[in-house]
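Trainee:
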Amino acid sequence: MEREKKNPIITQIELDAAERRLKSEIDGVDRKHDKNYSDLAKMIAISEKTNEHIVSSNNRLSNSFDKFSSELKEELKQNRKSHETLSDKVRTHEYELSRHNEFIQMQQEVAESKKGQLVKWVSILSGIFVAIIAGLFGIVEVLLPIILGGE
Numbered sequence: 001m002e003r004e005k006k007n008p009i010i011t012q013i014e015l016d017a018a019e020r021r022l023k024s025e026i027d028g029v030d031r032k033h034d035k036n037y038s039d040l041a042k043m044i045a046i047s048e049k050t051n052e053h054i055v056s057s058n059n060r061l062s063n064s065f066d067k068f069s070s071e072l073k074e075e076l077k078q079n080r081k082s083h084e085t086l087s088d089k090v091r092t093h094e095y096e097l098s099r100h101n102e103f104i105q106m107q108q109e110v111a112e113s114k115k116g117q118l119v120k121w122v123s124i125l126s127g128i129f130v131a132i133i134a135g136l137f138g139i140v141e142v143l144l145p146i147i148l149g150g151e
């Protein structure tokens, strides 16, 4: 600045030096921009590669999830069928149990009625048996003196 106040005319040497300095600064900025562009291109390439890996991983995960989901659905269907089969078997067994209990109840009623009849028959037959034995003793009592005595 001091020199410009004294002599406003710029020499060729100063102009060349200023031009070299400006070119150097411009080259520095260009190198910086080239480096930034190169770094950006590398980052974009890395990002694209990462995105490809993410997409393929997501596809594998999606396929695995779909497979797992379909397996679970199939297992659920089988469990439902098994549950329905077991429910049917339980209902069948409950029905058979109720029928069996009814049969046992009927058999107990029949046994009770037969027990009463058996008591009646035993008392009747025992009376008849006692009468027959008494009759036999009476006959033997009458026949024994005849057989032994000869009379």
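Residue numbering for the sequence shown follows the UniProt record's numbering, starting at 1 and increasing by one per position.
C-beta atoms are modelled at their ideal positions from N, C-alpha and C, and glycine is treated no differently.
(1) When the Cα atoms are used, what is the spatial distance from residue 112 to residue 123?
(2) Could you tell me the alpha carbon to alpha carbon distance between residue 89 and residue 70, rounded to whole angstroms?
(3) Just to confirm the assignment: which complete alpha helix (DSSP H) runs, minimum length 4, are found wholly within the segment 53-141?
(4) According to DSSP, simplified to helix, strand and coil, what is residue 9?
(5) Measuring straight from C-alpha to C-alpha, what distance separates residue 83 and residue 104?
Mentor: Taking the definition as stated:
(1) Going from the Cα of residue 112 to the Cα of residue 123 covers about 17 Å.
(2) Residue 89 and residue 70 have their C-alpha atoms some 28 Å from each other.
(3) Correct list: empty.
(4) Residue state, collapsed to three classes: coil.
(5) Residue 83 and residue 104 have their C-alpha atoms some 31 Å from each other.
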